[in-house]
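S.K.: I'd like to ask some things about the structure below.
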Amino acid sequence: MKIKTKPEDFVVSEVADISPEAKGDFALYLLKKNNITTWEALGRLAKHLHIPLSKVGYGGLKDKRAVSHQYITIYQGPKKDLKFDRFELIYLGQTSKPMDQSRLLGNRFEITVRDVEVCDKALEEEVERVRKYGVPNYFDEQRFGSVKGAKKPEFAAKYIIKGDYERALYLALVYASPDEIQESRKFRECLKKNWRKWENCLPLARLKWEKELLTFLTLHQLSKKTFKRALQLMDREYLFFLGNAYQSYLWNEVLKRVLERLSAVDFKVPYALGELYFYRSLDEEKQEKLRGLKIPLPAPKLNLEENEPVVQAAFRDVLLAEGLKELKELRSLVKGLIFKSYPRPAVVFPQELRFERLGERAVKLFFFLEKGSYATLIVKRIFYACANA
């Protein structure tokens, strides 16, 4: 099974609660991109317009190896279309408020899966099971960015809460995401080979905060306090992302243990951080239990007693495995690294799910997912189940 053989095999279109208004300070655009990350596209856009990235509003990050359509706003942006290499902006009009995550409703997907040996009958059976029973709502590999670059899962955020600030900084700076541009990879590779020899890599730093951070380390005696202060010089959004990555991993582990405790595991699928557990079908009792179940993301202020007993037990298992005694230990002494909790559905139900055969060894899937859920999980669930049927 192969997905994203080429960008055109993975088409995603945002559905958002935003449209042009009679007037407003924000220019609204449809961003169409092909084989480029949202971050890189927005960075190039901001540089071209000579504006800070904070003036650009968006609802979510889309995969690099994909064709994607998403809405963005620019405060007092140009009232015209803009074209760049691998992306373009179609001007739609003005709006009174910026685009943000709260306006995003979900995404429509058209995904071509290649090199599959599945008969239509088996495929239809699994598609029908997904319609009826849903899919465990894990965070998939895209959520974990640079963690994938490590030989084993290590999280900068975990080392921060443990107080090992140098190791946290090393992980945050050295391990690049596969989607990063070549210049960023060279910078990170230099740091890996020249750790503590900051001056060797300073010329390769692209971002302002990277330059400031390395300059700070060059000028100060290295100590635990120095590394802690260096972490606080990192981009706030990147720090928040580091916390999200570890938090999402913990949530995945909790959901896996919930499924184990409910005896709802039929097969396992490998992913960058281990394995994900899936079921093919559920009896009525388990179906009722999981359909309405919401699992909160772990955070120091989370009150476990307000959750289902099976969720409480799963949390205790995960904390023990992570060497944490209680959720309160997720507190960080580094400004910007914050763990916030919100309830996330344990199961996601793709809407309007259907498939088309594109030949003997290719299938195209069509479906809609509410925001926050991962299309790649739907693909894995259907085709791994077919292979293990």
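Take the sequence shown: its letters are residues 6 to 394, numbered as in the working numbering. Backbone N, C-alpha and C fix where the C-beta goes; we use that ideal spot for every residue, glycine too.
1. Give every residue of the same chain whose Cβ lies closer than 6 angstroms to the Cβ of SER253, excluding the five residues on either side of it in the sequence, and list them in chain order.
2. Which of the three DSSP states is assigned to HIS74 in this structure?
3. Tell me the residue span of the alpha helix (DSSP H) that contains PRO314.
4. Let's see if you can read the secondary structure: which residues bound the alpha helix (DSSP H) around GLN237?
5. Since I believe LEU382 is in contact with TYR347 (beta carbons under 8 angstroms), could you give me their beta-carbon distance rounded to a whole number of angstroms?
6. Helix, strand or coil: which one does DSSP assign to TYR63?
7. Which of the three DSSP states, helix, strand or coil, is assigned to PHE344?
8. Is the region 110-129 touching the region 336-344 in the sense that three or more CB pairs, one from each, lie closer than 8 angstroms?
9. If you draw a straight line from the alpha carbon of CYS206 to that of LEU196, how long is it in whole angstroms?
10. Using 8 angstroms as the cut-off, can you tell me whether the region 363-378 makes contact with the region 100-110, which would need three or more C-beta pairs spanning the two stretches below that distance?
11. Hey, GLU19 and HIS74 are a contact pair by Cβ (cut 8 angstroms); roughly how many whole angstroms apart?
12. Among VAL316, PHE371, ALA32, GLU171, whose alpha-carbon lies nearest the alpha-carbon of ILE23?
13. At what residues does the alpha helix (DSSP H) containing ARG224 begin and finish?
14. Around the C-beta of LEU224, are 16 or more other C-beta atoms found within 10 angstroms, so that it is buried, or is it exposed?
15. Just the Cα atoms here: how many angstroms apart are GLU293 and LYS137?
16. Between ALA392 and PRO158, what straight-line distance do the alpha-carbon atoms span, to the nearest angstrom?
17. What residue range does the alpha helix (DSSP H) around LEU295 cover?
M.R.: The answer reads as follows:
1. If the five residues before and after SER253 are omitted, its C-beta is found closer than 6 angstroms to the C-beta atoms of PHE144, ARG148, all from its own chain and listed in chain order.
2. Three-state result, HIS74: strand.
3. First-last of the alpha helix (DSSP H) with PRO314: 314-326.
4. Counting along the chain, no alpha helix (DSSP H) covers GLN237, and no H or E run does either.
5. The Cβ separation is near 19 angstroms, so there is no contact.
6. Three-state DSSP puts TYR63 in a strand.
7. PHE344 falls in the coil class under three-state DSSP.
8. Using a Cβ-Cβ distance cut-off of 8 angstroms, the region 336-344 and the region 110-129 are not in contact, since fewer than three pairs of beta carbons, one from each stretch, lie closer than that value.
9. The alpha-carbon atoms of CYS206 and LEU196 are separated by roughly 6 angstroms.
10. The answer is yes - the region 100-110 touches the region 363-378, with three or more Cβ pairs under 8 angstroms.
11. Contact between GLU19 and HIS74 holds, with the beta-carbon distance rounding to 6 angstroms and staying under 8 angstroms.
12. Looking at the Cα atoms, ALA32 is the closest of the given residues.
13. The sequence shown places Leu at residue 224, rather than the Arg named in the question. Secondary structure note for LEU224: its alpha helix (DSSP H) is the uninterrupted segment 213-224.
14. Burial call: exposed.
15. Going from the Cα of GLU293 to the Cα of LYS137 covers about 12 angstroms.
16. Between the C-alpha atoms of ALA392 and PRO158 there is a straight-line separation of about 27 angstroms.
17. Boundaries of the alpha helix (DSSP H) harbouring LEU295: 289-296, taken from the DSSP string.
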